[in-house]
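Whatever position you read off the sequence shown (first residue = 1), add 193 for my numbering. One structure below.
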Amino acid sequence: MKEAIEFGSRTIDFLLEYSDRKSLGITVTPEMEVLVKAPANTSLEKVKEKVKKKAPWIIRQQSFFLSFQPRSPQRRYVSGESHLYLGRQYRLQIQIGNEESVKLKGKFIEVTARVKSRTKDLLNHWYLQLAKTRFHEIAQPLIDKFKKYKVEPSSIVLRDMPTRWGSCTPKGKIILNPELIKAPKGCIEYVIIHELCHLIHHDHTQKFLDLQTKEMKDWEKWKMKLEKLLA
Numbered sequence: 194m195k196e197a198i199e200f201g202s203r204t205i206d207f208l209l210e211y212s213d214r215k216s217l218g219i220t221v222t223p224e225m226e227v228l229v230k231a232p233a234n235t236s237l238e239k240v241k242e243k244v245k246k247k248a249p250w251i252i253r254q255q256s257f258f259l260s261f262q263p264r265s266p267q268r269r270y271v272s273g274e275s276h277l278y279l280g281r282q283y284r285l286q287i288q289i290g291n292e293e294s295v296k297l298k299g300k301f302i303e304v305t306a307r308v309k310s311r312t313k314d315l316l317n318h319w320y321l322q323l324a325k326t327r328f329h330e331i332a333q334p335l336i337d338k339f340k341k342y343k344v345e346p347s348s349i350v351l352r353d354m355p356t357r358w359g360s361c362t363p364k365g366k367i368i369l370n371p372e373l374i375k376a377p378k379g380c381i382e383y384v385i386i387h388e389l390c391h392l393i394h395h396d397h398t399q400k401f402l403d404l405q406t407k408e409m410k411d412w413e414k415w416k417m418k419l420e421k422l423l424a
């Protein structure tokens, strides 16, 4: 179950799981999720008290993992600048014209804008439209594959997330970072499979990792590539 505590001006969300363990344990995952496992007879008030006591440590752990999360480099949006699409580098070619457009031509992304200051908005919109199409194309075979586990996402949506590539809500909605469109297809598949596994196992237990490895044996390779390419 999802719970939260207030610590100063911050809200710390955490996923609470009761079990037959004897002591309360708190874990912060690389995705900066806080997982709390408590003995079955522990009151919610007691759990929150423990989480609040560990809040400084939780924040330090989240800050540490944040340093490994996606960061967009500063862009100038000028001709000749290198931009990624599906893991490949393309050079920007900017030209002024009344008919605004963005097209992939050979090794170039050709942007036609009324004024140069429009380049960033046009390029971001182009990326977003491609992400909407390609993510669903990539996701569908994987969703079909997971039907054997009797799970299926309620929907797949795109959302800008400065610290995450993807997430899965308790109601089964998978959220993907549109920045992923810049990564190779294997990286996108890894993130989608990761979130599909969360439909079955809600935290990062060994069972979760075993399932992820079963469905994508080389997931670690794609995870590392994603971190190196877009970090």
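All residues carry an ideal CB built from backbone N, CA and C; glycine is no exception. Nothing here was measured: the structure is a model prediction, and the numbers come from that model.
In chain order, P346, S347 and L392 place their CB closer than 7 Å to the CB of G365, counting only its own chain and leaving out the 5 sequence neighbours on each side.
Leaving aside the five residues that flank T235 on each side, the residues in its chain whose CB is nearer than 8 Å to its CB run, in chain order, Y211 and L217. As the crow flies, the alpha-carbon of I331 is around 39 Å from that of E199. In the three-state scheme derived from DSSP, where H, G and I count as helix and E and B as strand, Y283 is classed as strand.
Between R352 and I368, the C-beta gap is smaller than 8 Å, which places the two residues in contact. Looking at the DSSP output, D206 bridges to A197.
DSSP places H276 in the uninterrupted beta strand (DSSP E) bounded by S275 to Y278. Scanning I219, P223, M194 and R203 for the CA closest to the CA of L209 turns up M194.
Boundaries of the beta strand (DSSP E) around L369: K366 to L369.
Classified as exposed, I289 has fewer than 16 neighbouring CB atoms from the shown chains inside 10 Å of its CB. Under a 10 Å Cβ-count criterion, T312 is classified as buried, with 16 or more other Cβ atoms of the shown protein chains found around its own Cβ.
At a Cβ-Cβ threshold of 8 Å, E382 and L335 count as neighbours. The beta carbon of D213 sits closer than 7 Å to those of A233, all from its chain and outside the five residues before and after it, given in chain order. Sequence-distant Cβ neighbours of V384 in its own chain, meaning closer than 7 Å and more than five residues away, are W358, G359, L369 and L373.
Under the three-state reduction of DSSP output, Y270 falls in the coil class, being neither helix nor strand. Looking at I302, L279 and E292, the one whose alpha-carbon comes closest to that of L285 is I302. S294 is bridged by DSSP to T305.
Between K247 and the set I205, T222 and G273, the nearest pair of CA atoms involves I205.
Between the beta-carbon of P371 and that of K418 there is about 18 Å, and that puts the pair past the 8 Å contact cut.
Cβ neighbours of V308 within its own chain (closer than 8 Å, five residues either side excluded): I289. Annotation: L422 to H318 spans about 21 Å, alpha carbon to alpha carbon.
Looking at the backbone, the Cα of R203 and that of S256 are separated by about 13 Å.
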